[in-house]
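Worksheet: the structure to be examined is printed underneath.
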Amino acid sequence: MVKNTFLFLLFLSAFVLLASCSSKQQQEEKSQPAEDQQLQQQIQYLKDKLDNTVNILETPETGEEFIAKSVQYAEAHPKDTASAVLYFEAANVANSLRQYRRAVELWGKVWQLYPETEVAPHALFRQGFTCDNSIRDRHLARHYYELFIQKYPAHEYVSGIRDLLQVIDRDPEDMVKQFEKQNQEGK
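Just so you know, we're using the numbering used here here: the sequence shown kicks off at 303 and counts up by one.
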């Protein structure tokens, strides 16, 4: 009898524990859409604010907040393809804030996590372009450009990227001299 009472109490305790966990999980799931909607509204507000800013460097805190909230949403919703656009836009803002390495990292998330989205090839191109022109890392730029051609061989950017690869290792001053020489010969 004591054994049966003990088993009954054990079963009852387990049932109450499971019921409370289930109830807590349901409450969290119900509050999640409201939190998501609020976060989406905040992101849109910040995006609108940035769109109306002449120089983002004058209000870097708005850009930082936009990046943080966009990444927060994207990380919470990895299966949502809208996250690809948020990562892409966050990278663009980071680039505008002259946070080039951060921008390259965020663009990387776009094509790595969402390779089939429309913004994926643009993100990979921006990685190469930013490494080439802003970070001045030609080796890394070459890596991204070659990866672009490999991943998106039929993309409209491929011919331009091939042209960039032909001159990426050349000294810009030498290129200017060659251009001036060609102009002189053409006259």
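For glycine and all other residues, C-beta sits at the position ideal for the given N, C-alpha and C.
Just to confirm my understanding: we take residue i, look at its own chain, exclude 5 residues before and 5 after, and list those with CB closer than 7 angstroms. What are they?
i    : result
A443 : G430, C433, D434, I470
R404 : A396
L352 : I358, T364, G365, F368, V395
Measure the Cβ-Cβ separation of residue i and residue j and say whether it is below 7 angstroms.
i    : j    : result
P417 : H457 : no
V406 : V412 : no
K371 : Q344 : yes
I369 : A396 : yes
P455 : L399 : no
A393 : L408 : yes
L348 : E377 : no
Y447 : I463 : yes
Please classify residue i as buried or exposed, where buried requires at least 16 neighbouring CB atoms within 10 angstroms.
i    : result
F450 : buried
E391 : buried
K479 : exposed
F427 : buried
G365 : buried
What number of angstroms, rounded off, separates the C-alpha of residue i from the C-alpha of residue j?
i    : j    : result
V387 : P474 : 34 angstroms
Q468 : P335 : 50 angstroms
D465 : K453 : 17 angstroms
D350 : E360 : 16 angstroms
H379 : Y402 : 25 angstroms
Y267 : D338 : Shown here, the chain extends from 303 to 489; a query on residue 267 therefore has no answer.
G410 : Y389 : 9 angstroms
Q484 : N357 : 38 angstroms
K381 : H441 : 33 angstroms
G488 : S461 : 25 angstroms
V373 : D439 : 26 angstroms
Q486 : T355 : 44 angstroms
A425 : E482 : 34 angstroms
If you drop the 5 nearest sequence neighbours on each side, which residues of the same chain put their C-beta closer than 8 angstroms to that of residue i?
i    : result
S325 : For S325, the predicted structure reports a pLDDT of 42, less than 50, and the residue's modelled location is therefore unreliable. A value from the coordinates is still provided. So no residue of the chain qualifies.
Going along the chain, which residues of its own chain have a beta-carbon closer than 6 angstroms to the beta-carbon of residue i, five neighbours each way excluded?
i    : result
Y459 : F427
T419 : T383, A386
L311 : Confidence in L311 is poor, its pLDDT being 43 and thus under 50, which makes the residue's placement unreliable; the coordinate value appears in the next sentence. Excluding residues within five positions, none has a Cβ falling inside 6 angstroms.
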